[in-house]
Amino acid sequence: CKKIFVDSQRNSLKHNNLLRPQNQSTLALYEAPTEGSWAYQVTRAFMQADIPLYKIHQQSIKELFTSMNKPLPSVSKCRSAVELICQNILKDIKEKIHNKKVFLVIDESDINSQKYVNSLIGDISTPSLCFLIDCRPIDSTPNANIIVQIADDNLRKMDISRNNLLLLISDAVRYMTKTGETIKSLYPNTFYISYLTHL
Numbered sequence: 028c029k030k031i032f033v034d035s036q037r038n039s040l041k042h043n044n045l046l047r048p049q050n051q052s053t054l055a056l057y058e059a060p061t062e063g064s065w066a067y068q069v070t071r072a073f074m075q076a077d078i079p080l081y082k083i084h085q086q087s088i089k090e091l092f093t094s095m096n097k098p099l100p101s102v103s104k105c106r107s108a109v110e111l112i113c114q115n116i117l118k119d120i121k122e123k124i125h126n127k128k129v130f131l132v133i134d135e136s137d138i139n140s141q142k143y144v145n146s147l148i149g150d151i152s153t154p155s156l157c158f159l160i161d162c163r164p165i166d167s168t169p170n171a172n173i174i175v176q177i178a179d180d181n182l183r184k185m186d187i188s189r190n191n192l193l194l195l196i197s198d199a200v201r202y203m204t205k206t207g208e209t210i211k212s213l214y215p216n217t218f219y220i221s222y223l224t225h226l
């Protein structure tokens with residue numbers, strides 16, 4: 028008996044009218060930002076200037092862009108461009124260190140009780156220039172296994188050959204020194220230095 032009521036509801040004119048697509052012209056179809064799109068350009072500029080994306084809502088910024096006939100994209104559209112921008116930045120870093128002898132700096136930090144493992148990489152011939160390639164949240168207390176896994180993941184992601192990692196730098200906590208010993212077995216030319224990360 029209940030099936031009859033459900034079927035009659037499904038076959039009703041009101042139900043079928045609700046299923047029909049409404050006027051498509053009033054709906055803005057979502058398209059992910061592409062490289063070179065306006066949302067991509069705005070997001071990259073805000074990120075490079077270290078301006079949080081929510082500032083797009085500031086009236087003075089909106090008015091400035093509108094006066095130039097360039098209305099700003101929505102914050103959500105800009106946020107969807109962040110991943111693509113990050114991928115492109117990592118691609119640029121990868122090209123800069125391609126086939127170079129490199130160093131890796133790895134350290135753990137704590138922000139609002141959330142632990143992160145941060146990885147920086149650089150060309151050994153220009154040690155004053157290094158790049159942040161990973162800031163990974165971890166759910167447990169850091170240990171040597173976690174740090175080795177993260178270091179190895181990052182080195183593989185950057186296509187660093189096993190012979191091209193020359194220097195690993197970290198602080199001197201016990202799990203980091205164990206990490207240094209393990210990394211040396213995976214990357215044979217690595218020299219491990221502790222105590223220097225906080226300089």
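All residue numbers for the sequence shown refer to the numbering used here, where the first residue is 28 and numbers rise by one. The beta carbon of each residue, even a glycine, is placed where N, CA and C say it ideally should be.
Please report how far the alpha carbon of CYS157 lies from the alpha carbon of MET185, in whole angstroms.
13 Å
Counting C-beta neighbours from all protein chains within 10 Å, is the total for ASN191 16 or more, i.e. buried, or is it exposed?
The residue is buried, with at least 16 neighbouring Cβ atoms inside 10 Å.
Tell me whether LEU195 sits in a helix, a strand or coil according to DSSP, three-state version.
strand
Just how far apart, CA to CA, sit ASP77 and ILE120?
19 Å
Determine the closest residue to SER155 out of VAL102, SER87 and VAL129, with distance taken between C-alpha atoms.
Taking SER155 as reference, the option from VAL102, SER87 and VAL129 with the minimal CA-CA separation is VAL129.
Alpha carbon to alpha carbon, how far is GLU208 from ARG189?
Distance between GLU208 and ARG189, taken at the CA atoms: about 15 Å.
Under a Cβ-count criterion, where at least 16 other Cβ atoms within 10 Å of its own Cβ denotes burial, should ILE138 be classed as buried or exposed?
exposed
Compare the Cα-Cα distances from TRP65 to each of ASP179, LYS104, ALA199 and SER197 and report the closest residue.
LYS104
In the DSSP assignment, the alpha helix (DSSP H) including TYR227 goes from what residue to what residue?
Because the chain is modelled from 28 through 226, residue 227 falls outside the range shown and cannot be assessed.
Straight-line Cα distance separating CYS162 from TYR143
Here the alpha carbons of CYS162 and TYR143 stand approximately 6 Å from one another.
Check whether the Cβ atoms of PRO79 and LEU111 lie closer than 8 Å to each other.
no
Helix, strand or coil at ILE151 [DSSP, three-state]:
Coil at ILE151, not helix or strand.
Going residue by residue through the stretch 62-145, where are the continuous beta strand (DSSP E) segments of at least 3 residues, counting only ones entirely within it?
129-138
What are the partner residues of ILE165, as DSSP defines its beta bridges?
LYS142
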